[in-house]
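Q: Numbering (this note's numbering), first residue to last: 10 to 490.
Note that CB positions come from ideal geometry on N, CA and C, so glycine has one too.
1. What does the alpha-carbon distance come out to for the pair residue 105 and residue 121?
2. Got a sec: is the Cβ-Cβ distance from residue 306 to anything in chain D below 9 Å?
3. Is the number of C-beta pairs between the segment 379-393 and the segment 296-306 that are closer than 8 Å three or more?
4. Rounded to whole angstroms, what's the CA-CA distance from residue 203 to residue 145? Just pull it up for me.
5. For residue 103, count the other beta carbons within 10 Å of its own beta carbon; 16 or more makes it buried, fewer makes it exposed. Which is it?
6. Within the continuous beta strand (DSSP E) that includes residue 230, where are the two ends?
7. What are the partner residues of residue 152, as DSSP defines its beta bridges?
8. When DSSP labels each residue in this structure, what does residue 215 get in the three-state scheme?
9. Does the distance from the CB of residue 95 to the CB of residue 70 come in under 9 Å?
10. Count Cβ pairs between the segment 171-183 and the segment 215-223 that sit closer than 8 Å; are there 3 or more?
11. Using the C-alpha atoms, what's the distance from residue 306 back to residue 65?
12. Give the straight-line distance between the Cα atoms of residue 369 and residue 358, rounded to the nearest whole angstrom.
13. Are there three or more Cβ pairs, one per stretch, closer than 8 Å when the segment 393-405 is compared with the segment 336-345?
14. For the segment 192-200 against the segment 79-93, do three or more pairs of beta-carbon atoms, one drawn from each stretch, fall closer than 8 Å, so that the two count as touching?
15. Kindly give me the distance between the Cβ atoms of residue 232 and residue 137, rounded to whole angstroms, as I take these residues to be in contact under 8 Å.
16. For residue 236 and residue 62, which I take to be in contact (beta-carbon distance under 8 Å), what is that distance rounded to the nearest angstrom?
17. Kindly indicate which residue of 355, 117, 415 and 76 has the alpha-carbon position closest to the one of residue 294.
18. If we count the other Cβ atoms within 10 Å of its Cβ and call it buried at 16 or more, is residue 212 buried or exposed?
19. Using 9 Å as the threshold, is the C-beta distance between residue 230 and residue 337 below it?
20. Using the C-alpha atoms, what's the distance from residue 55 back to residue 100?
21. By DSSP's criteria, residue 67 is part of a beta bridge. Which residues make up the other side?
22. Quick check on the DSSP output: the alpha helix (DSSP H) that includes residue 165 runs from which residue to which?
23. Taking all protein chains shown into account, decide if residue 57 is buried (16 or more other Cβ within 10 angstroms of its Cβ) or exposed.
24. By Cβ distance, which residues of its chain are closer than 8 Å to residue 178, with the 5 residues on each side in sequence left out?
25. Taking only three categories from DSSP, how would you classify residue 255?
26. In this structure, how does DSSP classify residue 77 when only helix, strand and coil are distinguished?
27. So, is residue 132 buried or exposed, given that buried needs 16 or more other C-beta atoms within 10 angstroms?
28. Got a sec? Which residues, its chain only, sit under 7 Å from residue 333 by beta carbon, not counting five neighbours each side?
29. Quick one: what does DSSP say residue 25 is sitting in, helix, strand or coil?
30. Ignoring anything shorter than 4 residues or poking outside the segment 286-344, list the alpha helix (DSSP H) runs there in chain order.
31. Among the residues of its own chain, which have a CB less than 6 Å from the CB of residue 491, if the five just before and after it don't count?
32. Taking the continuous alpha helix (DSSP H) assigned at residue 53, which residues delimit it?
33. Classify residue 97 as helix, strand or coil using the three-state DSSP reduction.
34. Within its chain, find whatever has a CB closer than 7 Å to the CB of residue 93; leave out the 5 residues flanking it on each side and keep chain order.
35. Could you tell me whether the Cβ atoms of residue 140 and residue 34 are closer together than 9 Å?
36. What is the C-beta distance between residue 418 and residue 366, in whole angstroms, given that I count them as a contact (C-beta under 8 Å)?
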């Protein structure tokens, strides 16, 4: 329930270690659909740039989205001529489907993609992936909307892009600046737990991935880019915009209901090993106190309004009990989600039942205070009743917080089966599958069709391949360089 220690939480970020040359560090995916004219010059230009400037071994993967022209033959010819180029064929369209398929099967520790038109200046590629290699960030995106970016495109696309990002900021509270730029990268260990949660298979794939990553607290690095619009782009703007708005609505609803198990992809608060060695220290107490006070203030106001309304029709004791019951249910639900960070429906009934026990204690305090007031004076003023109830509620609030923290929403301890996450997934991948994946990067995809989106296998310790800088004069056993 806590995002800092729940099962499935990603390990702390670490710099990818150095190891033998020849191991692909970066896998750049180029999704294509009927790009027979642009594919060859794009791949050759990208290959020459990486060969000249990138200090590690790399791979270029052409992801063919069911092309019907000669694109598959062009891709096959490039794969035969250049050892670092591979071809991956899908029989269904969808950029998101292509990226998820290739990224899920790749053995490279850093995964990236770019559009086939190479609208983005390739000099931004190394700054894009460097924070992922160093362990500083989890994802990286190129931004055409940064102040230092230089962009050449028509006013129509400029308006649509800025309007779309304003919609994301207003509806989903997104803080990244450019969701649609076709220039992104992600660490493989992050992709393994994040991609199964992404449902979209088309153009909204990028936005959904970024929103979920940001809401889970992952670090997104932004790189200003120089970008020149492709006038021959085949993107259908109206259909893409409609699908994107539908995706925004779907994600917004899922976030509002807490149905996304984002705890699985959270990072620990401290990435320093010394932070992880500290035991039995209460976590997030200050934040929980602030959240609890805010929820408590709103609940008290809600309770007083209910009491005043019920008091018109009934006696003080019954009005107090009814108002406290309704506000207690709302208070438990709000504290569950906002103060203690519990998402999803798992355990909600149990939490409400425990909350009602806490409510009983509060009822005893407030009812006892009203009884004492009525014993002291036969007809107390309404303002006096409210003052007594506020004082009693303050005492009940302190006790409620202690009970919520220690009993209803206790701090989870690693390895404690009694507090297992209700969203903990089944582990369908065997060790044999991992073994195959090391020798054949697309083996798992060929052997098994994922039950998406519910098949969210929990991946363990980061198994990224080790790295070592590769200079142009180094010998690579794969080719004659």
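A: Taking the definition as stated:
1. Looking up residue 105 in the chain shown gives position 96. Looking up residue 121 in the chain shown gives position 112. Spanning the two alpha carbons is a distance of roughly 13 Å.
2. The question asks about chain D, but that chain is absent: this structure has only one protein chain.
3. no
4. In the chain shown, residue 203 corresponds to position 194, counting from 1. In the chain shown, residue 145 corresponds to position 136, counting from 1. So the alpha carbons of these two residues sit roughly 18 Å apart.
5. Position 94 of the chain shown, counting from 1, holds the residue named residue 103. That one is buried.
6. Indexing the chain shown from 1 puts residue 230 at position 221. Looking at the DSSP string, the run of the beta strand (DSSP E) that includes residue 230 is 229-233.
7. Within the chain shown, residue 152 is the residue found at index 143, counting from 1. Residue 152 is bridged to 233.
8. Position 206 of the chain shown, counted from the first residue, corresponds to residue 215. If DSSP states are grouped into helix, strand and coil, residue 215 belongs with the helices.
9. For the purposes of this step, residue 95 is identified with residue 86 of the chain shown, where counting begins at 1. For the purposes of this step, residue 70 is identified with residue 61 of the chain shown, where counting begins at 1. Cβ atoms of residue 95 and residue 70: closer than 9 Å.
10. yes
11. In the chain shown, the residue the question calls residue 65 occupies position 56. In the chain shown, the residue the question calls residue 306 occupies position 297. In a straight line, the C-alpha of residue 65 is about 56 Å away from that of residue 306.
12. Your numbering for residue 369 matches position 360 in the chain shown. Your numbering for residue 358 matches position 349 in the chain shown. The straight-line gap from Cα to Cα measures roughly 17 Å.
13. no
14. no
15. What you label residue 232 is simply residue 223 of the chain shown in a count that begins at 1. What you label residue 137 is simply residue 128 of the chain shown in a count that begins at 1. Their Cβ separation, rounded to whole angstroms, is 5 Å, which keeps residue 232 and residue 137 in contact under 8 Å.
16. Taking the first residue of the chain shown as 1, we reach residue 236 at position 227. Taking the first residue of the chain shown as 1, we reach residue 62 at position 53. Contact doesn't hold; Cβ gap of about 19 Å is too wide.
17. Within the chain shown, numbered from 1, the residue matching residue 294 stands at position 285. For the residues 355, 117, 415 and 76, the minimum Cα distance to residue 294 belongs to 415.
18. Here residue 212 refers to the residue found at position 203 of the chain shown. It is buried - the Cβ of residue 212 has at least 16 other Cβ atoms within 10 Å.
19. The residue given as residue 230 occupies position 221 in the chain shown. The residue given as residue 337 occupies position 328 in the chain shown. Result no, Cβ atoms of residue 230 and residue 337 do not sit closer than 9 Å.
20. Working through the chain shown from its first residue, we reach residue 100 at position 91. Working through the chain shown from its first residue, we reach residue 55 at position 46. Looking at the two C-alpha atoms, the distance is approximately 25 Å.
21. For this step, residue 67 is matched to residue 58 along the chain shown. Answer is 35, bridged to residue 67.
22. The count along the chain shown starts at 1 and reaches residue 165 at position 156. Segment 164-181, the alpha helix (DSSP H) holding residue 165.
23. Residue numbering aside, residue 57 sits at position 48 when the chain shown is read from its first letter. Flag for residue 57 reads exposed.
24. The count along the chain shown starts at 1 and reaches residue 178 at position 169. Cβ within range, chain order: 184.
25. Counting from one through the chain shown, the residue named residue 255 turns up at place 246. Note: residue 255 maps to helix in three-state DSSP.
26. As a position in the chain shown, residue 77 is number 68, starting the count at 1. Correct three-state label for residue 77: coil.
27. The residue labelled residue 132 in the question sits at position 123 within the chain shown. Exposed.
28. Mapped onto the chain shown, residue 333 falls at position 324. So the qualifying residues of the chain are 312, 368, 371, 372 and 375.
29. Translated into positions along the chain shown, residue 25 becomes position 16. Residue state, collapsed to three classes: coil.
30. 294-320 and 325-343
31. Residue 491 falls outside the range modelled here, since the chain spans only 10 to 490, and no answer is possible.
32. Within the chain shown, numbered from 1, the residue matching residue 53 stands at position 44. 48-62 is the extent of the alpha helix (DSSP H) around residue 53.
33. One-based indexing of the chain shown puts residue 97 at position 88. Residue state, collapsed to three classes: strand.
34. To locate residue 93, count along the chain shown from 1; it is residue 84. Cβ neighbours of residue 93 beyond the five flanking positions: 56, 67, 68 and 69.
35. Within the chain shown, residue 140 is the residue found at index 131, counting from 1. Within the chain shown, residue 34 is the residue found at index 25, counting from 1. Taking 9 Å as the Cβ cut-off, residue 140 and residue 34 do not qualify as a contacting pair.
36. As a first step, residue 418 is located in the chain shown; it is residue number 409 there, counting from the start. As a first step, residue 366 is located in the chain shown; it is residue number 357 there, counting from the start. Actually they are not in contact, since the Cβ atoms of residue 418 and residue 366 sit about 14 Å apart, beyond 8 Å.
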